[in-house]
Amino acid sequence: MNAKLRRLALGLIVAYVLLFVQLNRLQVFGAEGLNDNPNNNREVVRDFSRPRGQVLSAEGLVLAKSEPVDDRYQYLRTYPLGDLFAHSVGFFSFQYGTDGIERQYNDVLAGQTDEQRLDRVLGGLFDDRVETGDVITTLDVDIQQAAKEALGEREGSVVALDPRTGAVLALWSYPSYDPNLLSSHDFDLVSDVRQLLVADGRKPLLAHTYQERYMPGSTFKVVTTQVALETGVATPGTVFEPSTEWTPPQTTDPITNYGGTRCGGDLLEVFRRSCNIPFAQMGVLAGAEAMVAGAEGFGFNQDVPIDLPRPVRSFFPPVEAFDQDIPKLAQVSFGQNDVAATPLQMALEAAAVANRGVIMQPYVVQETRSRDGSVLSRTTPRPWRTAMRPETAAWLNGAMVEVVNNGTARCCMQLEDGAQAAAKTGTAQLGTDPPLSHAWITSFAPAEAPRVVVTVMVKASPEVSAGTGGTVAGPVAKQVLDVALRNADPLAG
Amino acid sequence: MHALGRRNVELGLVLLGAIVTGGAYTLMALGRTASLPADIGPFLGVVLGLLLAAHVATRLLAKGADPVLLPVAALLNGLGYVFIARIDNDLAGLQATWTMIGIGAYVATLVLVRRPNDLGRYKWTFAIIGLGLLALPFVPGVGRLINGSRIWVSIGPVNFQPGEFAKIALAIFFAGYLVEKREVLAMATWRVGPFWLPEPRHLGPVAVAWAASLVIMVGQRDLGSSLLFFALFVVMLWVATERTSYLVLGAVLFAAGAVLAWTTFDHVQQRVSIWLDPWSDPLDDGFQIVQSMFAFAWGGLTGTGLGLGDPTRIPEVQNDFIFAAIGEELGLLGAAAVMAGYLLMIGGGLRVAMRADRPFEKLLATGLTTILGVQAFIIMAGVTRVLPLTGVTLPFVSYGGSSLVANYVLLALLVRISDVTAGRLGEVPTRPNRRARRWARQEAKAAKAGAAA
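Sequence lines, in order, name chains G and X. The working numbering applies: residue -18 is where the first sequence begins, and numbers increase by one. The working numbering applies: residue 143 is where the second sequence begins, and numbers increase by one.
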């Protein structure tokens, strides 16, 4: 019988070797595939259970932090200011992932950048502390709060930035949401809240400031003016005959001015009064190629290099779209038809004027720091696009001051302490019945040495449409500019 | 090697096992709570006490026994306890109690069974006990249906799985029966297809016992145990008769049984389709095996570290799936070490069988080792998707009282067989008894007196 016992032993060994081979397949060769399997959330749980660094405002207030809690995930992400920074800081949800800075700077916050990993190795393998990183933003709580209060419960967006650096000071849009509710460990609550937010037609989860496009209306006339001046189609001395309507070629449908008024004069006059007909004519004269090039110089049709997830491109139609369609060219030249811009884009337009023609790359994160306070990265301001010549910018600066002092924004843009604002308003008519319009203003101050750009967009509603860009968006911009100018200039001395 | 040397080896290995268990327990607590376990002192005391009790009992009652079996079993038991404590602290207390009862059963078996060859005489009694135990869960009033399987019995406050003990009883019956009949069973007198079979009347009891146990198993929806019994019967028949045709016949019968079960029973079909493609329903039917594979993958080569994994994602991880928890937290290295532990026990058990000079003891040792080795393989293969999952416990490691106690009895029988074999081979220096010593002294005195005279 012993011979059979040897065979039995051999048989069992073979069976166990088979098992060992399978263990190697599961644990070594196939492990990566299993770890990455979409049904496997172990990596998610591990990342979710890690401490994360803080997100701080420019003045050092905590926008997001991790608090140790006594449950299986160990740390709860909290946002002390509630919905105020939801669209820039984002959320940190188990089921729905991350958004905003939480997403864009996840590696730093979780201590997973190469530099932080190296630090950890050098710091000793058996040191159990977890390396996290802090993110210091350019966002200013006072300015953001002012934007929220000034806009109130009207759907819309407010963008504030420093035109000299591209540092974004505020990104507010209403409605917002409370990221604490999405980052909770009560997953049923999270999924209920998310369902409500998704079902809400006003799209509160979307950062409307840079993830949604609207018809810009007359705020786009800054672009048309730049094109006209730099192509020589118009000069500051060009005089436009006052008229109530103008019918471009290829149509019988005339273009009118806002409110059907008679409007004309020199370039400064038509700019401050925001006549439509002169801009339609300048666009048509300059031609489709010049208009497209001009718009793209300001950032239309480009990926905005902001350090936040999923920014959308602003849209200006391609040259081919105007083949045999001069009326379309006429309409886009005063910001109607299918031009579409994010509020951020229109802020960058004002920034180009304020910064002598150069648009700086917009950013929300000033600096990242390791847990021990050493700087991991610091954002250096860099130019993004040159939209126009300095002399064109200087002329537009003066024209936008005229808008505030004698034009469409005269009602509402007189700043505290005599600071001089510059602005361009827009009342983007959506062509609906009853007629609805978005109210826009894009502005900067102080005009002689601009350091803050504020762009306000209030979405069309019957109430909003009763007013104009100047009367509806203007007061919001003024309040935000007042608060922003109270802050000491970060670049001074 | 002489008996005393074996016992000292065993003592050394047992102490090593206690150190490993204590270390694992400490690391587990550190991993879970980042602090030393408050009860580490008492814990080590109890572990050492239990292991030393088993060792001393072996030293006193089975001097010549194999020195590897007990320490490896103890190590697996200790490691299993650490994982159960890590998974569910309440279960750990119960498992500790069952371990004490298990060690008690080990000692009691060594005390009661002095001459294992005598067990063969009661083979029919054991046959009845075995089948009776298997049928017990069907008895109204005591049988319990738990998790879809009718394998539990409740008598008063005590719940147990009689099947765990039935397999030992049936192994004893088979060894006894085959010893008697192996010659006639090896003699082929009539032919069925390509097979030469012995006379049906000799084969009858084997077939009846086998079929009866299979019917009960299928009725209880306990596929793993069916597979285990089947393997046990075929292996014992093959080893006893030394006829390979039984192995072939076994394979054919197995295939036929498998096809029959697959076509007849939904739950068998379901198990097989989950095995073939767990990814078609990874959140429901395939959830357990998919989570088990994720756990192994997460562990990788070296594991997450004790207490640092997330094994409780797998349903029933303390039971059938404890091997996945080991794979996750100790990695391929730890899982392979556990497999090596079973291989050591298989090697030890088969060595006992090969050394045994009495056919009954040889066959019994073979059967007991087969139970241990095949049961461990079935469940480890199930949780790693080598085989369809069939729920059996991982011997000495899984949570469960019946399994633990039965395996300690099984271990004691192997230890006892190795001890009596060593005695017969003259490896145990027997100390003469008192009367013989007195007689020897008188003889010596007389011889001295004679010399003086």
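Backbone N, C-alpha and C fix where the C-beta goes; we use that ideal spot for every residue, glycine too.
Nearest candidate by alpha-carbon position, reference residue i, set the options
i         : options                                : result
G/Ile(-6) : X/Thr200, X/Phe519, X/Tyr223           : X/Phe519
X/Lys309  : X/Met378, X/Ile297, X/Arg324           : X/Met378
G/Ala428  : G/Leu411, G/Gln395, G/Leu163, G/Ala402 : G/Ala402
X/Ala467  : X/Ala313, X/Asn289, X/Ala250, X/Ser540 : X/Ser540
X/Asn461  : X/Gln430, X/Arg385, X/Val516           : X/Gln430
X/Ile182  : X/Arg566, X/Arg148, X/Met170           : X/Met170
G/Ser446  : G/Gly412, G/Ala473, G/Val464           : G/Gly412
X/Leu339  : X/Ile293, X/Thr386, X/Val295, X/Gly318 : X/Thr386
X/Glu341  : X/Ile288, X/Tyr550, X/Lys323           : X/Lys323
X/Gly164  : X/Phe185, X/Arg149, X/Asn150           : X/Phe185
X/Leu236  : X/Gly428, X/Gln411, X/Val300, X/Thr526 : X/Val300
X/Phe465  : X/Gly449, X/Ser544, X/Val480, X/Gln303 : X/Val480
Distance between residue j and residue i (C-alpha atoms, nearest Å)
i        : j        : result
G/Gly105 : X/Gly469 : In this prediction, G/Gly105 has a pLDDT of 49, which is less than 50 and means its spatial position is unreliable; nothing more can be read from the coordinates.
G/Phe107 : X/Trp417 : Caution is warranted here: a pLDDT of 48 is assigned to G/Phe107, below 50, making its placement in the model unreliable, and the coordinate value is therefore given only provisionally. If you take the alpha carbons of G/Phe107 and X/Trp417, they lie about 41 Å apart.
X/Leu153 : X/Pro279 : 40 Å
X/Ala204 : X/Phe538 : 21 Å
X/Ala393 : X/Met487 : 26 Å
X/Val162 : G/Asp173 : 49 Å
X/Ala382 : X/Ser368 : 21 Å
G/Asn18  : G/Glu24  : 10 Å
G/Arg468 : G/Glu130 : Sequence check: residue 468 of chain G is Asn here, not Arg. Answer to the nearest angstrom: the Cα atoms are 18 Å apart.
G/Met438 : G/Leu289 : 20 Å
G/Arg366 : G/Gly278 : 6 Å
G/Pro210 : G/Phe425 : At residue 210 of chain G the sequence reads Leu, which differs from the Pro that was named. Computed Cα separation, rounded: 21 Å.
G/Gly198 : G/Leu163 : 36 Å
X/Ile226 : G/Asp169 : 30 Å
G/Phe66  : G/Phe72  : 10 Å
X/Gly366 : X/Phe316 : 20 Å
X/Phe268 : X/Leu275 : 10 Å
G/Gly147 : G/Ala333 : 10 Å
X/Leu531 : X/Leu514 : 18 Å
X/Ala558 : X/Asn219 : A small fix is needed here, since residue 558 of chain X is Arg in this sequence, not Ala. X/Arg558 and X/Asn219: Cα-Cα distance of roughly 20 Å.
G/Phe260 : G/Glu397 : 33 Å
X/Val432 : G/Ala12  : 13 Å
G/Asp121 : G/Val346 : 12 Å
G/Phe458 : G/Pro292 : Note on residue identity: the sequence assigns Ala, not Phe, to residue 458 of chain G. Roughly 23 Å separates the two Cα atoms.
X/Leu370 : X/Gln517 : 6 Å
X/Thr241 : X/Val551 : 12 Å
X/Glu458 : X/Ser296 : 21 Å
Terminal residues of the alpha helix (DSSP H) in which residue i lies
i        : result
G/Val43  : Note, G/Val43: premise wrong, no alpha helix (DSSP H); beta strand (DSSP E) at 43 to 49.
G/Ser443 : First, the residue type needs correcting, since residue 443 of chain G is Pro and not Ser in the sequence shown. Residues 443 to 446.
X/Trp421 : From DSSP, X/Trp421 is part of no alpha helix (DSSP H); its letter is neither H nor E.
7 Å Cβ cutoff, residue i in contact with chain A
i        : result
X/Pro420 : Looking for chain A here will not work: the only protein chains present are G and X.
Enclosing beta strand (DSSP E) for residue i [first to last residue]
i         : result
G/Glu348  : 346 to 351
X/Ile229  : Run containing X/Ile229: none in the beta strand (DSSP E); it sits in the alpha helix (DSSP H), 211 to 229.
G/Ile(-6) : G/Ile(-6) -> not in any beta strand (DSSP E); alpha helix (DSSP H) instead, spanning -17 to 5.
G/Lys405  : 403 to 410
Legend entry - Segments assigned alpha helix (DSSP H), at least 4 residues, entirely inside the segment 84 to 148 of chain G: 87 to 90, 95 to 103, 122 to 132
Legend entry - Segment contact, 8 Å Cβ cut-off, at least three pairs: the segment 251 to 262 of chain X with the segment 553 to 563 of chain X: yes
Legend entry - Three CB pairs or more closer than 8 Å across the segment 308 to 327 of chain X and the segment 490 to 497 of chain X: no
Legend entry - Whole alpha helix (DSSP H) elements within the segment 333 to 391 of chain X, 4-residue minimum: 342 to 362, 365 to 383
Legend entry - contact_flag[the segment 3 to 10 of chain G, the segment 499 to 519 of chain X] where n(CB pairs < 8 Å) is 3 or more: no
Legend entry - Sufficient close CB pairs (3 or more, under 8 Å) joining the segment 224 to 240 of chain G to the segment 330 to 345 of chain G: no
Legend entry - Contact the segment 434 to 448 of chain G vs the segment 131 to 140 of chain G: 3+ CB pairs below 8 Å: yes
Legend entry - Continuous alpha helix (DSSP H) assignments of at least 4 residues falling wholly in the segment 446 to 514 of chain X: 464 to 497
Inset, instruction - Pick out the complete beta strand (DSSP E) segments inside the segment 260 to 335 of chain X, 3 residues or longer, and give them in chain order. - result: 285 to 288, 291 to 297, 300 to 302, 332 to 334
Legend entry - Sequence ranges, alpha helix (DSSP H) only - wholly within the segment 396 to 439 of chain X, length at least 4: 408 to 418
Inset, instruction - Say whether the segment 460 to 467 of chain G touches the segment 396 to 414 of chain X, bearing in mind that this needs 3 or more beta-carbon pairs closer than 8 Å, one atom from each stretch. - result: no
Legend entry - Stretch-stretch touch, CB-based, cutoff 8 Å, three pairs: the segment 375 to 388 of chain G with the segment 319 to 338 of chain G: yes
Inset, instruction - Counting only runs of 4+ residues fully inside the segment 239 to 275 of chain G, write out the alpha helix (DSSP H) ranges in chain order. - result: 248 to 254, 258 to 267
Legend entry - Contact between the segment 349 to 361 of chain G and the segment 318 to 326 of chain G (3+ Cβ pairs under 8 Å): no
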